[in-house]
Amino acid sequence: MLSDREIEASAKPQNIVKIGAKLGLGEEELDTFGKLKAKIEPRLDSASGANLILVTATNPTPYGEGKTTVTVGLSDGLARIGKSVCAALREPSLGPVFGIKGGATGGGYSQVTPSEDINLHFNADFHAITSANNLIAAMLDNHIHHGNALNIDPARVVFKRCMDMNDRSLREIEIGLEKSNKFTRKDGFVITAASEIMAILCLATDLKNLKERVENIVVAYDKEGGLVRAKSLNCADAVCVLLKEAIKPNLVQTLEGTPVLIHGGPFANIAHGCNSVIATKTALNLAGYVVTEAGFGAELGAQKFLDIKCRTAGLAPKCVVLVSTIRSLKYNGGCDKDGISQPNLEALKLGGENLKAHIENLKNFNQNVIVALNKFATDSDEEIAHVRALCEELGAEFSVCEGFLKGSAGTEDLAKKVAQICEKPAREIKFTYESADSVKTKIEKIATKIYGAKDVVFSPRAQEDLAEISRLGFESLPVCVAKTQYSFSSDAKLLGRPKGFSFEVSALEIRGGAGFIVAVSGSTMLMPGLPKVPAAEQMKAE
């Protein structure tokens with residue numbers, strides 16, 4: 172079979188003006204970047220008649236589940252059966268692109284194009300977010316340098332710098348070492364995808380709301396223990412100037428010419444894992460069917476999509492597509508690398524518990540669930556039949572997807588079943604916790620109801636953070652858990668459906684602008700590192 176790059180090179184993408192026309196947009200409504208990319212103005216009116224479809228997955232494995240591939244394939248499949256459709260996806264980060272993943276635009280015949288542009292400096296959104304974040308950090312340190320009128324405690328500066336690259340060396344640094352500086356302090360970087368500015372861009376409803384959120388960022392504490400917000404640094408307007416173009420969604424297309432809005436890119440393991448509210452609502456105003464995705468496994472991405480994004484933005488999906496593969500289920504059932512492509516019904520049955528847990532969780536959210544089995548050549552008929560029977564037993568629809576090999580022809584069955592589900596009224600979401608719950612209770616409900624933990628263990632630092640959150644009046648905020656994506660637990664090695672474990676919380680962080688509390692589990696890092704052999708080593712300049 173041809174490589175992804177060869178398949179994309181053989182495609183004939185349409186001029187972006189024609190793609191915009193499919194959404195009812197005239198040429199004058201597009202800010203074009205060449206012939207294949209454009210930015211569009213947000214459209215945030217009510218779109219109650221449109222159908223929102225969420226694509227999520229079982230826990231990721233080294234073999235890849237193809238969540239984005241299925242998202243793209245489903246979008247093309249819906250267009251194939253005559254539906255008005257627009258996908259709404261996240262922007263890739265350079266960290267995974269040069270690290271372990273190598274790209275995030277789908278694969279085979281279910282890709283978004285132009286993939287190289289999207290994977291790299293796509294319309295400069297990430298650069299604007301990085302610059303905006305670091306402007307705040309620079310103005311904060313500059314304020315302290317020039318007299319510190321806000322009485323900021325340099326030891327309690329909590330706003331970190333960011334960059335869009337995996338670089339573990341920057342997790343903890345010391346700044347201000349030049350002799351001319353009046354102070355030194357410890358600092359650190361997070362990856363841009365985990366920055367609060369990224370979360371704000373993705374949860375803001377318009378430029379005014381963006382500014383309000385930026386003003387509410389907690390950047391430090393003063394020497395009396397009071398909060399210092401970004402508003403006091405008089406930087407919010409400058410930040411918004413940097414983000415005034417980045418706030419607009421980006422329009423591209425699939426290889427089959429289906430419109431795609433790509434906007435925002437928070438990771439789901441260390442951030443909230445969804446594309447922007449602005450892009451999702453804009454897509455709902457432009458098409459009858461909107462296919463969006465949430466990062467990593469459903470216990471992370473889908474939980475945050477439903478408990479944070481939907482609660483904040485007033486959204487509700489008509490249908491949730493849960494992507495999995497035979498290989499990933501066998502891996503979760505203990506199958507080793509050498510046997511992963513061989514029939515192994517015993518390992519599949521054990522790994523099926525992972526799929527079962529995700530289905531049950533989504534149904535507990537009161538969602539219509541359809542499992543999309545991303546088919547590989549090594550899958551046996553017996554293995555596929557077993558997964559189908561498991562889904563039917565749990566009351567979930569099932570479809571075999573071959574979008575990677577066949578494009579929309581391989582996802583037509585899935586598209587028809589999704590469209591049939593969407594004919595039903597949207598179900599009201601049953602959230603994991605109540606807004607009135609304490610932050611501690613919210614974490615405990617997520618850990619026990621979604622992850623299956625027996626209890627939650629808070630470190631001494633986390634207990635101090637909980638007390639501080641209560642003292643400062645942030646108990647009403649939702650919780651965004653930062654944990655490993657490979658397991659329901661806080662231990663990446665506990666695969667399948669672990670039970671009887673204690674979920675560990677090491678620290679909590681207030682994100683006053685984003686409007687949530689980050690609960691960091693175990694040793695999870697907000698700045699990833701590169702693997703031993705980064706994807707960058709395999710890249711060729713041509």
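Under this note's numbering, the letters of the sequence shown match residues 172 to 713, in that order. Even for Gly, the Cβ is constructed at its ideal location relative to N, Cα and C.
Whole-angstrom distance between residue j and residue i, CA atom to CA atom
| i | j | result |
| --- | --- | --- |
| F297 | D552 | 44 Å |
| V627 | G459 | 42 Å |
| R342 | C373 | 24 Å |
| G235 | N535 | 26 Å |
| A511 | R498 | The amino acid at residue 511 is misidentified as Ala; the sequence shows Ile. One C-alpha to the other measures close to 6 Å. |
| V389 | R682 | 7 Å |
| D338 | A706 | 14 Å |
| T239 | K489 | 19 Å |
| I614 | K577 | 42 Å |
| T242 | V283 | 10 Å |
| N688 | E386 | Sequence check: residue 688 is Ile here, not Asn. Approximately 17 Å between the Cα atoms of the pair. |
| D216 | K711 | 45 Å |
| E383 | E262 | 24 Å |
| A128 | I441 | The question about residue 128 has no answer, for the chain in this structure spans 172 to 713. |
| G397 | L679 | 17 Å |
| M146 | R356 | Only positions 172 to 713 of the chain appear in this structure, which leaves residue 146 out of reach. |
Endpoints, beta strand (DSSP E) assigned at residue i
| i | result |
| --- | --- |
| F204 | 201 to 204 |
| L422 | 421 to 425 |
| A678 | 678 to 682 |
| I433 | 430 to 433 |
| I224 | 222 to 228 |
Closest by C-alpha distance to residue i, when choosing among the options
| i | options | result |
| --- | --- | --- |
| F629 | G623, V610, R400, S647 | V610 |
| C506 | L521, G359, H443 | L521 |
| A258 | R498, I271, K193 | K193 |
| Q591 | A607, F569, E605 | F569 |
| D408 | I449, N304, K664 | N304 |
| L291 | L493, A275, I300 | A275 |
| L666 | N503, G578, G472 | N503 |
| T695 | I362, T229, D175, D324 | I362 |
| I289 | I433, K419, K382, L493 | I433 |
| E367 | A607, L398, G435 | G435 |
| I621 | K382, N525, E646, A638 | N525 |
| G428 | S692, Y280, D608 | Y280 |
| I530 | A439, R559, Q513 | R559 |
| E646 | A663, Q656, T612 | T612 |
| T229 | V461, L500, L585, V188 | L500 |
| G316 | N352, V328, V329 | Note that residue 316 is His in the sequence shown here, rather than Gly. Of the candidates N352, V328, V329, the one whose C-alpha sits nearest the C-alpha of H316 is N352. |
| L585 | K452, A487, L561, N545 | N545 |
| L260 | S246, I555, K183 | S246 |
| F118 | N186, G237, R176 | Beyond the ends of the chain as shown, which are 172 and 713, falls residue 118; an answer cannot be given. |
| T301 | G347, G318, L519, I371 | I371 |
Classification of residue i by the beta-carbon crowding that lies within 10 angstroms, buried from 16 upward
| i | result |
| --- | --- |
| E179 | buried |
| T582 | buried |
| N421 | buried |
| K654 | buried |
| V676 | buried |
| E416 | exposed |
| L426 | buried |
| P233 | exposed |
| L173 | exposed |
| K670 | exposed |
| R251 | buried |
| N222 | buried |
| V704 | exposed |
| V412 | exposed |
Contact set for residue i: own chain, Cβ-Cβ below 6 Å, skip 5 residues either direction
| i | result |
| --- | --- |
| A528 | R668 |
| P285 | L207 |
| V492 | V226, I541, A543 |
| K350 | none |
Host alpha helix (DSSP H) of residue i (start-end)
| i | result |
| --- | --- |
| A299 | 296 to 316 |
| Y392 | Segment 389 to 393 is the beta strand (DSSP E) holding Y392; no alpha helix (DSSP H) there. |
| F687 | Premise fails: F687 lies in the beta strand (DSSP E), 687 to 691, not in any alpha helix (DSSP H). |
| Y502 | 497 to 503 |
| M369 | 367 to 374 |
| D247 | 238 to 251 |
| G191 | 187 to 193 |
Cutoff 8 Å; reference residue i; Cβ partners in own chain excluding five residues on either side
| i | result |
| --- | --- |
| S673 | A624, K625, D626, V627, V628 |
| P702 | G270, I271 |
| G359 | K331, R332, L341, R342, E343, I344, M698 |
| H314 | A320, L321, I323, L404 |
| G644 | none |
| S181 | L173 |
Cut-off 7 Å between Cβ atoms - residues of its own chain near residue i, not counting five sequence neighbours on either side
| i | result |
| --- | --- |
| Q634 | none |
| E199 | none |
| L455 | A218, A221, L223, V461 |
Any non-hydrogen atom of the ligand GDP within 8 Å of residue i CB
| i | result |
| --- | --- |
| N230 | Of ligands this structure carries none, so the ligand GDP is not represented either. |
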